[in-house]
């Protein structure tokens with residue numbers, strides 16, 4: 616009988632220990648939760664670490680980091696980088712190694728876009744240590760398009776802010792609709808300069824790259 | 023303050039000790055009652071008794087009188103207790119009287135117990151545990167102890183007196199003894215958050231914590247305790263220590279009008295409080311004197327120390343489909359120390375003469391103090407094992 620009760624006591628104590636070790640957390644919402652843990656600037660770039668705390672109940676579409684020189688961060692118009700892995704709870708990282716102005720104060724936050732919400736995490740700041748490599752155009756396609764068509768450019772050292780990746784065809788500036796570190800998309804504009812209509816140029820932070828292949832405008 | 027209080031108590035005790043009490047003295051041939059006896063310390067009472075007289079005080083030795091007693095029932099009898107010094111007598115305090123009479127001799131260095139049955143001479147009870155328990159079993163043979171009480175008796179006045187009184191009365195009652203135990207418990211906590219919490223700080227805090235309401239949680243508890251019998255009755259003192267890891271999480275969604283931007287703002291606020299707590303309850307317990315199943319009630323106080331007391335407030339600002347999350351803030355809104363009163367009741371099962379198992383339901387009500395904006399009330403279900 617004593618042994619029986621001793622066994623019960625032992626089991627209760629063991630279970631208590633196990634259950635008591637569980638951590639409390641906040642109640643699950645329909646939107647995901649995330650937080651930025653670190654934003655460290657160095658000569659090689661800016662290291663960002665964020666954590667997805669909870670995925671919420673709304674399905675996740677994309678996630679990444681958004682940053683800019685003011686706190687009004689918007690995924691569409693600010694610098695933004697999308698990560699290409701599946702979103703899951705835990706840490707995720709990014710190293711920004713292009714288009715950082717020396718001495719400029721930046722504000723950065725992680726983000727998640729779900730089916731119903733865009734969630735911006737807490738904002739931290741970092742001071743830029745000038746990283747401004749010349750952009751590189753590896754390829755673009757299609758090489759033959761009409762006004763209003765969308766062109767995709769592949770390469771490197773692009774700006775993560777679409778308004779900072781300036782594409783020109785001849786003397787005409789194109790509208791950049793998406794820009795990432797190594798790819799961008801723009802819409803073919805009306806080209807007025809007939810002498811240089813073949814030349815596709817990309818300028819980021821004052822440094823310019825010219826595509827090696829010519830661009831042909833469809834009539 | 024404490025020293026002054028102690029002096030008052032000591033003074034009162036000294037005064038009352040030296041104050042005469044009505045009593046009697048008896049010799050082989052006479053019995054004088056209604057006289058005033060002046061009791062002294064226990065050691066003096068074993069050697070002489072002072073009697074108030076017209077001329078002052080008369081001192082009687084055990085050689086002169088055979089017995090004296092007080093109105094309160096305390097009786098001393100003259101006996102020879104030193105085999106190597108025949109003729110030397112001392113006064114023994116009669117603790118229990120019946121088929122077996124129990125006496126106490128308060129000697130210079132230590133106390134000794136004696137017992138005498140109708141058919142025997144005065145027997146000194148050895149201080150050795152095995153010997154005095156054997157002696158008590160021998161002297162009480164013929165009485166079937168149902169709770170093996172002689173195995174639990176200690177060489178203390180109250181313990182021996184209770185055992186002998188049971189034998190004399192022919193009653194089977196549990197013999198309370200000092201023991202230790204361990205416990206595991208399930209704790210249902212209700213955290214009552216004072217409306218004053220959001221009035222504490224800046225207007226921003228006001229708005230943020232405005233709709234935070236009460237939290238609930240369930241946790242497990244581990245503990246140990248000691249139980250010490252009080253007197254000859256069935257009361258005991260419980261000194262406990264319990265460890266509990268817990269806390270709570272509570273959520274509110276608030277919409278307020280922001281006068282600066284002249285818009286309504288909605289925000290979600292989560293408060294997560296994590297606690298690791300040591301409780302030190304001190305309780306008075308009464309246990310019904312039954313042999314197997316023993317209901318009990320207890321009441322007392324509980325001091326709790328939250329040695330880990332971290333509280334975080336998470337805020338998300340919601341505007342249509344965009345949610346901006348803020349960095350969680352660390353805020354301690356619970357007192358590190360809390361006091362509570364406890365009331366509880368339960369049922370104890372005696373597994374054998376020494377080991378017990380009990381289940382108890384206990385309510386722990388925290389006493390709000392000046393800076394306690396979150397008050398924790400608990401209902402505990404405890405399983406105790408005593409060894």
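Residue numbers (my numbering), protein chains in the order written: chain A, 616 to 834; chain B, 23 to 409. Cβ atoms here follow ideal geometry from the backbone N, Cα and C, with glycine treated the same way.
Residue i vs residue j beta-carbon contact at 8 Å
i: residue 330 of chain B; j: residue 296 of chain B; result: yes
i: residue 796 of chain A; j: residue 815 of chain A; result: no
i: residue 65 of chain B; j: residue 85 of chain B; result: no
i: residue 767 of chain A; j: residue 802 of chain A; result: no
i: residue 779 of chain A; j: residue 714 of chain A; result: yes
i: residue 238 of chain B; j: residue 212 of chain B; result: yes
i: residue 727 of chain A; j: residue 702 of chain A; result: yes
i: residue 214 of chain B; j: residue 236 of chain B; result: yes
i: residue 48 of chain B; j: residue 59 of chain B; result: no
i: residue 207 of chain B; j: residue 405 of chain B; result: yes
i: residue 694 of chain A; j: residue 673 of chain A; result: no
i: residue 742 of chain A; j: residue 770 of chain A; result: no
i: residue 794 of chain A; j: residue 776 of chain A; result: yes
i: residue 411 of chain B; j: residue 126 of chain B; result: As shown, chain B starts at 23 and ends at 409. That puts residue 411 of chain B outside it, with no answer to give.
i: residue 817 of chain A; j: residue 752 of chain A; result: yes
Local Cβ density within 10 Å of residue i, reported as buried at 16 or more and exposed below that
i: residue 90 of chain B; result: buried
i: residue 328 of chain B; result: buried
i: residue 255 of chain B; result: exposed
i: residue 153 of chain B; result: exposed
i: residue 414 of chain B; result: There is no way to answer for residue 414 of chain B, as the model of chain B reaches only from 23 to 409.
i: residue 107 of chain B; result: exposed
i: residue 263 of chain B; result: exposed
i: residue 197 of chain B; result: buried
i: residue 745 of chain A; result: exposed
i: residue 258 of chain B; result: buried
i: residue 386 of chain B; result: buried
i: residue 104 of chain B; result: exposed
i: residue 76 of chain B; result: exposed
i: residue 322 of chain B; result: buried
i: residue 368 of chain B; result: buried
i: residue 284 of chain B; result: exposed
i: residue 791 of chain A; result: buried
Under the three-state DSSP convention, the category residue i falls into
i: residue 172 of chain B; result: helix
i: residue 227 of chain B; result: Confidence is the limiting factor: at residue 227 of chain B the pLDDT is only 49, short of 50, which leaves the residue's position unreliable, though a coordinate-based value still follows. In this structure, residue 227 of chain B counts as helix in the three-state DSSP scheme.
i: residue 337 of chain B; result: strand
i: residue 195 of chain B; result: coil
i: residue 144 of chain B; result: coil
i: residue 669 of chain A; result: strand
i: residue 805 of chain A; result: coil
i: residue 166 of chain B; result: coil
i: residue 284 of chain B; result: coil
i: residue 637 of chain A; result: For residue 637 of chain A, the pLDDT reaches just 49, beneath the cut-off of 50, and the residue's location in the model is therefore unreliable, although a value from the coordinates is still provided. Residue 637 of chain A: coil per DSSP, three-state reduction.
i: residue 792 of chain A; result: strand
i: residue 728 of chain A; result: strand
i: residue 152 of chain B; result: helix
i: residue 110 of chain B; result: coil
i: residue 190 of chain B; result: helix
i: residue 160 of chain B; result: helix
i: residue 65 of chain B; result: helix
i: residue 183 of chain B; result: helix
i: residue 307 of chain B; result: strand
i: residue 777 of chain A; result: helix
i: residue 264 of chain B; result: strand
i: residue 601 of chain A; result: In the structure as shown, chain A begins at 616 and stops at 834. Residue 601 of chain A is therefore absent and cannot be evaluated.
i: residue 745 of chain A; result: coil
i: residue 355 of chain B; result: coil
8 Å Cβ cutoff, residue i in contact with chain D
i: residue 292 of chain B; result: Absence of chain D from the displayed structure is noted, the protein chains being A and B.
Check whether the stretch 655-667 of chain A and the stretch 709-722 of chain A touch, using three or more Cβ-Cβ pairs below 8 Å as the test. Touching, yes, given that three or more Cβ pairs across the two stretches are closer than 8 Å.
Using a Cβ cut-off of 8 Å, which residues of the stretch 313-324 of chain B contact any Cβ in chain A, in chain order? Listed by position along the chain: nothing, the set is empty.
Tell me which residues of the stretch 336-351 of chain B have at least one Cβ-Cβ distance to chain A shorter than 8 Å, keeping chain order. Flagged, chain order: 336, 338, 343, 344, 345, 346, 347, 348, 349, 350.
Which residues, in order along the stretch 649-664 of chain A, keep a beta-carbon less than 9 Å from a beta-carbon of chain B? Listed in sequence order: 649, 650, 651.
For the stretch 718-744 of chain A, which residues have a CB atom closer than 7 Å to at least one CB atom of chain B, in sequence order? For the stretch 718-744 of chain A, which is checked against every Cβ of chain B, the residues closer than 7 Å are 731, 732, 733, 734, 735, 736, 737.
Hey, is the stretch 172-191 of chain B in contact with the stretch 120-127 of chain B, meaning 3+ C-beta pairs nearer than 8 Å? The stretch 172-191 of chain B, when compared against the stretch 120-127 of chain B, does touch it at the 8 Å Cβ threshold.
In chain order, what residues of the stretch 268-286 of chain B put their CB closer than 9 Å to some CB of chain A? Interface annotation for the stretch 268-286 of chain B against chain A: 268, 269, 270, 271, 272, 273, criterion Cβ-Cβ distance under 9 Å.
Which of the residues in the stretch 682-716 of chain A, read from start to end, lie with their CB under 7 Å from any CB of chain B? If you check each beta-carbon in the stretch 682-716 of chain A against every beta-carbon of chain B, none falls closer than 7 Å.
Below 8 Å, how does it come out for the stretch 352-362 of chain B and the stretch 332-342 of chain B: are there three or more Cβ pairs, yes or no? As far as the Cβ criterion goes, the stretch 352-362 of chain B touches the stretch 332-342 of chain B, which means the pair count is three or higher.
Three or more beta-carbon pairs under 8 Å between the stretch 340-350 of chain B and the stretch 369-378 of chain B, yes or no? Touching, no.
Is the stretch 264-275 of chain B touching the stretch 284-294 of chain B in the sense that three or more CB pairs, one from each, lie closer than 8 Å? Pairwise C-beta distances place the stretch 284-294 of chain B in contact with the stretch 264-275 of chain B, as three or more of them are shorter than 8 Å.
For the stretch 784-796 of chain A, which residues have a CB atom closer than 9 Å to at least one CB atom of chain B, in sequence order? Residues of the stretch 784-796 of chain A with a C-beta atom less than 9 Å from some C-beta of chain B do not occur.
Check each residue of the stretch 745-778 of chain A: if its Cβ is closer than 7 Å to any Cβ of chain B, include it; give the result in chain order. Result list empty, no residue passes.
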